[in-house]
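K.L.:
Mind looking over this structure? Questions follow.
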Amino acid sequence: MAKSGFSPKSNGKYSENGNGHGHDSDGRDHEGNGAAHEHAINVNVHGETELDAQLRDEEFLNRFELNFPEVDREVIMTAVRNILFAVGEDPDREGLLATPKRVAGAYAELLSGYRMDPAEVINNAVFDVEYDDMVIVRDIEYFSLCEHHMLPFMGHAHVAYIPGERVIGLSKIPRIVDMFSRRLQVQERLTRQIAEFIETVLGAKGVAVMMDGVHMCSMMRGVGKLHSGMSTSAFLGAFKTDRTLRQEFMAHVQRAGGDKSMM
Ligand SMILES: [Zn+2]
Numbered sequence: 000m001a002k003s004g005f006s007p008k009s010n011g012k013y014s015e016n017g018n019g020h021g022h023d024s025d026g027r028d029h030e031g032n033g034a035a036h037e038h039a040i041n042v043n044v045h046g047e048t049e050l051d052a053q054l055r056d057e058e059f060l061n062r063f064e065l066n067f068p069e070v071d072r073e074v075i076m077t078a079v080r081n082i083l084f085a086v087g088e089d090p091d092r093e094g095l096l097a098t099p100k101r102v103a104g105a106y107a108e109l110l111s112g113y114r115m116d117p118a119e120v121i122n123n124a125v126f127d128v129e130y131d132d133m134v135i136v137r138d139i140e141y142f143s144l145c146e147h148h149m150l151p152f153m154g155h156a157h158v159a160y161i162p163g164e165r166v167i168g169l170s171k172i173p174r175i176v177d178m179f180s181r182r183l184q185v186q187e188r189l190t191r192q193i194a195e196f197i198e199t200v201l202g203a204k205g206v207a208v209m210m211d212g213v214h215m216c217s218m219m220r221g222v223g224k225l226h227s228g229m230s231t232s233a234f235l236g237a238f239k240t241d242r243t244l245r246q247e248f249m250a251h252v253q254r255a256g257g258d259k260s261m262m
């Protein structure tokens, strides 16, 4: 279930503040990717059960809206059929016959973020570490649905954190972005939830998330280009209090061409 659908492509770079042993991440999931980091940072595989228990704790799941029931496809199919009637269409014509079923499947996939198991998303890729330089993953492509119109918005996320208790395999950051974007969202909340999740799970000293987004509800409806492109950010911990750190992050993002990603 968590594997369904498109997977955002990431051109993320692992930056270690210029100390010269950074390495690329192509954003794909590598099984057992812990080994890949061992030469760079002194890691120990984190006790799986303790963290998994935290990630499956009911309070935690509620806080991050992660325990929604299964999508009721039958109800969606009926509703879509009604919408087709309501707009004057004939739901029984050939081209539309399978549409309610397809739409139900699409929503199950596009809204799968509410039902992901965070322990599985993170999948043992969290390590204890003594390391406190900024880790940054840039240009993570995301797709979401705006909660006001249920129309897509999409763009790129740039995520950075200062490790506290733990670090996470780089390929997991795009999966965390997925988990929160495959929902009904507003871009501001999406940005904030990604930051808070990383802060909480990693015990990070600071988290920065910047997202740009283009919103189909503005672009397609002729509301004007006014609000079609927007940028949001969330700064927690050290990124909130330390202006230099924040500027360093912004410089990284701009070097990645964060602005050109605005369509
Ligand atoms: Zn909207």
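Per numbering that gives the first Met the number 0, residue 0 is the first one in the sequence shown, and the count goes up by one each step.
All C-beta atoms in this analysis are idealised placements derived from N, C-alpha and C, irrespective of residue type, glycine included.
1. Could you check whether GLU64 and TYR113 sit closer than 8 angstroms to each other, using their CB atoms as the reference points?
2. Would VAL42 be called buried (16 or more neighbouring beta carbons within 10 Å of its own) or exposed?
3. Counting C-beta neighbours from all protein chains within 10 Å, is the total for LEU54 16 or more, i.e. buried, or is it exposed?
4. Say yes only if the C-beta of LEU110 is nearer than 7 angstroms to one or more non-hydrogen atoms of ligand 1, and no if none qualify.
5. Is the beta carbon of HIS155 within less than 7 angstroms of some heavy atom of ligand 1?
6. What does DSSP give as the partner residues of THR231 in its beta bridges?
7. With ligand 1 as the reference, list in chain order each residue whose Cβ lies under 6 angstroms from any of its heavy atoms.
8. DSSP three-state call for ASP138: helix, strand or coil?
9. With PRO151 as the anchor, note down where its beta strand (DSSP E) starts and where it stops.
10. Do the stretch 102-109 and the stretch 118-128 meet, that is, are 3 or more Cβ pairs less than 8 angstroms apart?
11. Does the separation of the CB atoms of ILE167 and ILE193 fall below 8 angstroms?
P.N.:
Answer, in terms of the structure:
1. yes
2. With a pLDDT of 40 at VAL42, under the threshold of 50, the modelled position of this residue cannot be trusted, and the question is left open.
3. Buried, since its Cβ has 16 or more Cβ neighbours within 10 Å.
4. It does not: the Cβ of LEU110 is nowhere closer than 7 angstroms to a heavy atom of ligand 1.
5. The answer is no for HIS155.
6. MET210
7. CYS145, HIS147, HIS148, LEU150, HIS214, CYS216
8. Under the three-state reduction of DSSP, ASP138 is assigned to strand.
9. 151-161
10. no
11. In terms of Cβ geometry, ILE167 and ILE193 do not form a close pair [threshold 8 angstroms].
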